[in-house]
Each structure stands twice: as structure tokens, then as C-alpha cells.
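See structure below.
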Amino acid sequence: MTRCKTLALVGALSLSPLAAQAATWSDTFIGYRYGTEFTEPNNRNNVEKHVLQLTHASGYSVGQNFFNLDLLQSDKKDPASGSDNGATEFYLTYRHQLHLGKIFDTSLAFGPVKEVGLTAGFDLSTKNTRFAPRKRLFVVGPTLKFDVPGFLDVSLFYGKEWNHCGLGSPACPKSDIAFDPQWIFNVSWGIPFQAASVPLKFQGFLNYNSEKGKDYAGVSTKAETLMRTSLMVDVGQMVTGKKNTFLMGVGYELWRNKFGNYKNAAGVKKPGIDTDAPTFQMEWHF
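The sequence shown runs -22 to -1, 1 to 264 under mature numbering (1 follows the signal peptide of the UniProt record, and there is no 0).
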């Protein structure tokens, strides 16, 4: 019943008739990032990954949409189930945001905040490892939109996650689990600026997720921190004079207690739960 109520709330906001209004702005891009120092829980090896990304963001009269699909291909140190080849993962994120000041035709600005929003959405993922995760995360909560060049959003979400473990007993006595509700503090940003004659963009997001109860083996989860950020050069603007067409730069992924992991049932800290991975990145906007 709780799951149905959550789905109904998220669906009502995400599929609101307001979202069908004509877009006032739109940005779509195909991205690529690469790194050799990614990690996976209970894996002592650094993992090389190629990541293809499809991202779309658009706004309309009283809100905006965000969609991102990552296709992550690991090397053989993170193998697919029953194979010597690397695992393949799909991770989809969707967020729909309503701007309350525009809906009620009144200014909600205060201090550096220009607008107050209500955001809802979901994450879906799948990966072809022996663990075979199938994440289903639904979120809803308020967002403060700051008055900066580009954008800076700060949100506090209520989150509820369902997932799957295919390892079986004794590693995962429960193959399917509904985690406890959690709080998710999210900051996302995209700030363009100029350094001498070089057009740059500092972008990324930070999530701090509270603990979410016990995992498949009955072990308590821990709070989780994930940050992905990058500094991009607008190469297209430098070469052709057209802004936001082709960007290239470097990034960094920081992940602590990945997926809420910390210790195993024996009380020993798990390997592979902390990531510090520099990345090379490109984006083609159209």
C-alpha cells in the first residue's frame, strides 16, 4: 500500500497535464566519460569504465523536466554474470519540477533564492552481474532555485527504494527488498564563466543519502555520499563561435559508502565502497 501511494504521488506530479505545455527552452546532449579508478562493493580492484550518456532538460511555463540515461561498460575486473567480459549497466534518472511562484502567480523569492519548486521523479537501474541489481527509487520534495548564472538547485527529498540481489543465501537471504524510507539532500549546478578568453562551465551534483534500514543480509546500511563534478571547456564556442555545442573537460567522482554499504555481517568493512575517480568527459549538444 505504501509503495502504491508513493507511485501514485510521483506519477501524478510527473505526468501532470502542466508538463504537456510547450517547451520554452530545451537542451539535449550525448555525453561520454572515461575513468580507470571506479570501484564496486566487495571488489578489491579498480575498474575501468566507459560511460555513454543521453541527457535532456527542458522548461515550460511553470516548470521543467530532466532526463538522463547512462550506459556504463566495465572492464573484466567487474565481470558480467557467467562471463569474462565486463558488466553492462543502465541507469535512468527522471525529475519533474513545478515552480510554485509561477503556478500561484506570486513571487516566492527571498535572499539569493529566486524560486521555490516541488520536485518528484524516479531512478531505475539494471546491471548484468551475479548480484543482478534492479534499483527502483522514487523521490519527492522541495527545491530552492538560486539566482546565479546558469543554475544552482538545492533540494531535500523523501526517498523510497526497492532493489534486488541475485546472489542467494548466505550472502543475500532476501533476494528482493524494500528499504526503509530515507532523506536525500541534493545539490545540482551548472555555472558558466570565462577565464581570460576561455569559455568554461563548472557542473555537477552532490547527493547525501541518509541510511535506509537493513540490507539483504540484515546488516544496517550507512549514510551515503555521491558527488560527480566536471570542469568543461566550450570548445565549440572557441572554434565556431556557437555556444554550448561541443564541450570537453575533466571530472571527478567521489562516492562514500556506495549504495549504503559499510560493514558485512561479520562486522568487517567492505572493500570497494569508496570511490575517488578522475574522469575525462565530452558532450555534444544538439
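Virtual Cβ for every residue (Gly too), placed ideally from N, Cα, C.
A direct Cα-Cα distance of roughly 8 Å separates Ile169 from Leu178.
For Leu145, no beta strand (DSSP E) encloses it, and the DSSP letter there is neither H nor E. With a threshold of 16 other beta carbon atoms within 10 Å, Arg22 falls short and is exposed.
In the structure shown, Thr104 adopts extended strand secondary structure according to DSSP, grouped into three states. A check of alpha carbon separations from Asp158 across Phe116, Ala1, Thr66 identifies Phe116 as the nearest. Taking all protein chains in view, the Cβ of Lys138 is crowded by 16 or more other Cβ atoms within 10 Å, so the residue is classified as buried. Taken atom to atom, the span from the alpha-carbon of Phe88 to that of Asn106 is near 47 Å. Beta-bridge partners of Gln160 (DSSP): Gly137. Setting aside the 5 residues that flank it on each side, Leu86 is surrounded in the same chain by Leu78, Gly79, Glu93, Val94, each with a C-beta closer than 7 Å to its C-beta; the list follows chain order. Our two residues, Leu130 and Arg73, have alpha carbons roughly 15 Å apart in a direct line.
Boundaries of the alpha helix (DSSP H) around Thr218: 213 to 218. Beta-bridge partners of Ile155 (DSSP): Asn141.
Under the criterion of beta carbons closer than 8 Å, Thr199 and Gly238 qualify as touching, at roughly 3 Å.
Boundaries of the alpha helix (DSSP H) harbouring Leu78: 78 to 81, taken from the DSSP string. With a threshold of 16 other beta carbon atoms within 10 Å, Asn235 meets it and is buried. Collapsing the DSSP output to three states places Gly238 in a helix. When DSSP states are grouped into helix, strand and coil, Val197 belongs to the coil group.
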